[in-house]
Every structure is written in structure tokens, then in C-alpha cells.
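Engineer: Here it is, the structure, as C-alpha cells.
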Amino acid sequence: MAEPHKRKLRRVTVIYWVLLLYIVAALVWWYYSLELQSREMYALKKAGIETLSKDTAVYRQRLFQIEDQRRRDTVKHQSEGLTFLLLITVGAVFIYRAVRRQFRVQQQQQNFIMAVTHELKTPIAVSRLNLETMQKHQLPEEKQSKLVKMTLQETLRLDTLINNILLSSQLEANAYQMQHDAVDLSKLVCDVVTAFKARYPDREVAVDVAKELRINGDSVLLNLLVSNLLENAHKYSPKPKPISLSLQHTGNHIQLQVADEGAGIEADERERVFQKFYRIGNEATRKAKGTGLGLWLCRKIVQDHRATIRIADHNPVGSIFIVQFNS
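Letter by letter, the sequence shown follows residues 517 to 843 of the working numbering.
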């Protein structure tokens, strides 16, 4: 969380606790005042029957009534006080969590805007620079071909980003009409890997795909799922290190694994990375590109296909993203 947000959250937290302590103190004072008033009334009523003889039945009956009323008043005050305290506690916990969640979402959305701005500007700037260079200079064919290739790569990156944003919006609003067709997952995965290798020829990808593994699903979403997992592995692992992808039939499941040899993901971060807009670290300091939508989309696509996704350690270093489909 950025420093301004931390300061703002600390300020709100201090105000919150001050108000909560004031409310609890007011409740304690209210209970003390009622008990004090009840004690005074008890003393007055008891003094009112002192004129009666203590050996008479009338005195004992009146004293019993006064003491019984005193006990009932005490129980009533305690019950009301505990009820109010319970309601205040439940409300305080709910509000505290809601405020912290709102600050967290606000920070994630700010990170997303910063990331998207950077991700949109970079490919546009690179493509424009390449085209202007080719327009102004007579370049050798080899260099010209290299610039065209770079421009196409940046255009594809821009296309992927826009698709992620549009699809995330449609999926969240239930506006996307998901198809349930028979999909040759083996062929789809191989096609995605081929396209990935064309975009990143310097990245080694070790592929182990069993043939003719089929599931019912949406080929567009499944294509995006595999592509996003490969892009994620590419972003967060050093360039010389290979990416491993396997698709195998295991028991009653078809299992897709994408492994990298990056820094890995801490156990307490493995659920958070699937949250929308969430990225480990801060947008102002992190080096890896991204918007915080890719892995959220992966989980959404997996859930829509009634599958599961989880993260495991990759020995000696790195992470493995494991997707299990029902076969």
C-alpha cells in the first residue's frame, strides 16, 4: 500500500478507535448510572418500611418485594447492557472490515489505473517510434524486418491487454455468452504455445502434451486461460530460465500445469494473486508489467468451466499453476 494511503488509513483507524472507545465508555456510564439510580431507589423504599415492625408478615412481604424488584432491575440492566455491547461489537467489526476492504480496493484500483496507463502507452509509443524510424530513414531490409516484428509484438501485447479488460468486464457483469462445445484441449494448448513462441522466440518452453484430450467448454476462454498462464510465467521468471507446460490425463481429471523458475509466490499470497486488480508489491516500485487482471481472469474462466486452479512450489525455485478439469 502506498504511503499516502497508509497515512490516511492510520488516521481513519485512530478516529474509528477513539469513537468506539467513546461509545463503549458511554455504555459503561449508562449502566453505572442506572445501577446507582436503582440502588438509591432500593435504599429509599427500604427506608420507607423501617417504621413497620420487622417481626410482622407485612414487613417481610414488603421487604421481599423490594429486594425482588432490585434483583429484576439488576438483571434487566445487565441484559440490556450486554445486548448493546454485543450489537456495538458486531457493528464495529463489520464497519472496521468494510473500511479496510474499501481502502484495499481503492489502492488496487489505483494500481490498476497506473498499470493500464503504462501498459497502453508503452506499445503505442514503441510502435509509433518504429514506424517513424522506417518513414524517415532508408533502412536495410534486415533492420526494417526487425522493426516490423517488434511493432507486431507490441500490437499483439496491446490486443491481449484490451481483450483482458473487455472480457473481465463482460464476465463480471454476466454479459458474456459462454459456449459449451467439445474442445480438443490438446490442440488448443499446442496452438497457444506456438503463438507464444512466435512472440517470444528467445524464451524456451518445455512442452509435454498428451494427444486428443477433450473437454466441454469455450475455446476463446480456454485459449485466454492458457495464454495468460504462459504470459504470467514469462513475466515473473528470468529470461534464460525455461517455462514448462504439461497437459496430462490423471485419474478422472485432465491436468494442465504451467511451471516457471522465478522467485515463487509466498503461501499467504497464493489466494490473493487471484483477486481482481491485486498484484504483489506496489505499482510505483515493481518491475514486472501487468494489470492485476490476468490471474483473476484465469480463476474466473476455471470456475466457469467447473474446474479448479491452485499454486504449488516448483523445485528448486518458482511456482506451478495447476488447473484440473473434469474429464
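The beta-carbon is built from N, C-alpha and C at its ideal position, and this holds for glycine as well.
Would a C-beta distance cut-off of 8 angstroms place L763 and S843 closer than the cut-off?
Structural biologist: Cβ distance not < 8 angstroms, so L763 and S843 don't count as in contact.
Engineer: Short of 8 angstroms in beta carbon distance, which residues of its chain neighbour E728, apart from the five on each side in sequence? Order them along the chain.
Structural biologist: For E728, where only same-chain residues beyond five positions count, the Cβ hits under 8 angstroms are D700, S702.
Engineer: Tell whether a beta-carbon distance below 8 angstroms holds between N739 and L683.
Structural biologist: For N739 and L683, no; Cβs fall outside 8 angstroms.
Engineer: Starting from the Cα of D584, find the closest Cα among M666, S554, L602 and give me that residue.
Structural biologist: Here the closest residue by C-alpha is S554.
Engineer: Let me check one thing: in DSSP terms, what residues is V721 bridge-paired to?
Structural biologist: According to DSSP, V721 bridges with I759.
Engineer: Tell me whether the segment 743–763 and the segment 712–724 touch, counting them as touching only if at least three CB pairs, one residue from each stretch, are closer than 8 angstroms.
Structural biologist: Yes, the segment 743–763 touches the segment 712–724.
Engineer: Identify, in the order they occur along the chain, each residue of the same chain with its Cβ nearer than 7 angstroms to the Cβ of I781, setting aside the five sequence neighbours on each side.
Structural biologist: Once the five neighbours on either side are set aside, the close Cβ partners of I781 are V789, I827, S835.
Engineer: Note down, in chain order, each residue of its chain lying with its Cβ closer than 8 angstroms to the Cβ of T605, except the 5 sequence neighbours on either side.
Structural biologist: Contacts found: none.
Engineer: May I ask which residues mark the beginning and end of the alpha helix (DSSP H) holding I817?
Structural biologist: First-last of the alpha helix (DSSP H) with I817: 810–820.
Engineer: Considering L687, what are the terminal residues of the alpha helix (DSSP H) in which it resides?
Structural biologist: Looking at the DSSP string, the run of the alpha helix (DSSP H) that includes L687 is 657–688.
Engineer: Let me confirm a value: G733 is counted as buried when at least 16 other C-beta atoms fall within 10 Å, else exposed. Which label applies?
Structural biologist: Counting Cβ neighbours within 10 Å, G733 comes out buried, since at least 16 surround it.
Engineer: Tell me the rounded alpha-carbon separation between Y538 and F610.
Structural biologist: Their Cα atoms are separated by approximately 18 angstroms.
Engineer: Can you tell me the Cα-Cα spacing of Y794 and R588, whole angstroms?
Structural biologist: Taking the straight line joining both Cα atoms gives about 55 angstroms.
Engineer: Short of 8 angstroms in beta carbon distance, which residues of its chain neighbour G778, apart from the five on each side in sequence? Order them along the chain.
Structural biologist: Cβ neighbours of G778 beyond the five flanking positions: A749, Y752, S753, P754, K757, V833, G834, S835.
Engineer: What would DSSP say about F580, mapped onto helix, strand or coil?
Structural biologist: Helix.
Engineer: What's the gap between the Cα of V708 and the Cα of R526?
Structural biologist: The alpha-carbon atoms of V708 and R526 are separated by roughly 46 angstroms.
Engineer: Per DSSP, what are the beta-bridge partners of F837 in this structure?
Structural biologist: V774, I827.
Engineer: Grouping DSSP H, G and I as helix and E and B as strand, with all else coil, what is D700?
Structural biologist: In the structure shown, D700 sits in a strand (DSSP, three-state: E or B).
Engineer: Measure the CB-CB distance between I565 and R586 and report whether it falls below 8 angstroms.
Structural biologist: Cβ distance not < 8 angstroms, so I565 and R586 don't count as in contact.
Engineer: Might you give, ordered along the chain, the residues of its own chain that have their beta carbon closer than 6 angstroms to the beta carbon of A608, omitting 5 neighbours on each side?
Structural biologist: Cβ neighbours of A608 beyond the five flanking positions: L536.
Engineer: Under 8 angstroms, do F837 and A823 count as touching if we go by C-beta distance?
Structural biologist: Against a cut-off of 8 angstroms, the Cβ pair of A823 and F837 comes out as no contact.
Engineer: Mark D724 as exposed unless 16 or more other C-beta atoms lie within 10 angstroms of its C-beta, in which case mark it buried.
Structural biologist: Label assigned to D724: exposed.
Engineer: In three-state DSSP terms, what is G733?
Structural biologist: G733: strand per DSSP, three-state reduction.
Engineer: Round the Cβ separation of K792 and L687 to the nearest angstrom and send it over; I've been treating them as touching at under 8 angstroms.
Structural biologist: The pair is not a contact, with the Cβ atoms about 10 angstroms apart (cut-off 8 angstroms).
Engineer: Secondary structure at Q553, three-state DSSP: helix, strand or coil?
Structural biologist: Helix.
Engineer: For W812, is the classification buried or exposed, using 16 other Cβ atoms within 10 angstroms of its Cβ as the cut-off for buried?
Structural biologist: So W812 ends up on the buried side.
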